[in-house]
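Have a look at the structure below, then the notes.
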Amino acid sequence: MHRAPDTFQTPRLVAERPGEEHFEAMCGLFNDPGVMEWIKLQNFSPEKTRRTMAAWQTHWEQHGFGIWVWRERDGERRVIGRGGLRLFVIDGRAEIELLYAYRQEFWGRGLGTEAARGIVAQAFGPQLALNEIAAWTLKTNRGSQRVLEKSGFVYERDILHADRPHVFYRQIRPADLDKS
Ligand SMILES: CC(C)(COP(=O)(O)OP(=O)(O)OC[C@H]1O[C@@H](n2cnc3c(N)ncnc32)[C@H](O)[C@@H]1OP(=O)(O)O)[C@@H](O)C(=O)NCCC(=O)NCCS
């Protein structure tokens, strides 16, 4: 099995494989009103956060990659949110999805794009070497669509997901990565 690194860095952020030390921060993320507006995670009790984090751990063990918790590299080293890769069946096809959510206080500084580019680099890098990844977001979520476009995704089609209109994006492994 190919394995992604447990931790890696981007210019301003550190990605860490989730552990108990991230529990409080994830409770905060999953109750952030800005995040709630875009991802359907109502009533995220501490117990549900625990179950979710346990599912992330299982995904890592089964597939060798998963969600990372993202933290500032410098200063207070605050946790900004979570983002990574997961297997998900959508429209009858198994996709490797790029997903992310960051606390509202960190929006608008390019961090969403920076983390997404870091995750894409891991997806196509030598350790994971995936052939393609996908992402989808609400049609109204322009911020998320810009993050996808700026990290190399291409719009593929409109879809209905969870009974709501979404836009579906895909990114194929760049050909120049295969030359070496
Ligand atoms: C979507 C999200 C990741 C964006 O993170 P961010 O750190 O603010 O993004 P960036 O600062 O890297 O901005 C990326 C681009 O999106 C644009 N953008 C960000 N928010 C926007 C908004 N609400 N409307 C329109 N454009 C927006 C920025 O202007 C920038 O584009 P530009 O460089 O052309 O100006 C963040 O808002 C978030 O976590 N949202 C809640 C969870 C969520 O929606 N997750 C995705 C579910 S599919």
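In this text, residue positions in the sequence shown follow the numbering used here: the first is 1028, and each later residue adds one.
Even glycine gets a Cβ: it sits at the ideal position worked out from N, Cα and C.
The beta carbons of V1096 and P1032 sit about 14 Å from each other, so the pair does not count as a contact at 8 Å. Boundaries of the beta strand (DSSP E) harbouring I1199: R1191 to I1199, taken from the DSSP string.
Under the criterion of beta carbons closer than 8 Å, L1157 and I1123 qualify as touching, at roughly 6 Å. Closest option to P1073, judged by alpha-carbon separation, among G1145, E1051, R1104 and R1113: E1051. Looking at the DSSP output, E1088 bridges to nothing.
Going by DSSP, L1056 is part of the alpha helix (DSSP H) stretching over F1050 to L1056. Short of 8 Å from the beta carbon of L1114, and not among the five residues preceding or following it, lie these beta carbons of its own chain, in chain order: H1086, H1090, A1121, E1122, I1123 and E1124. Rounded to the nearest angstrom, the gap between the Cα atoms of D1118 and R1200 is 22 Å.
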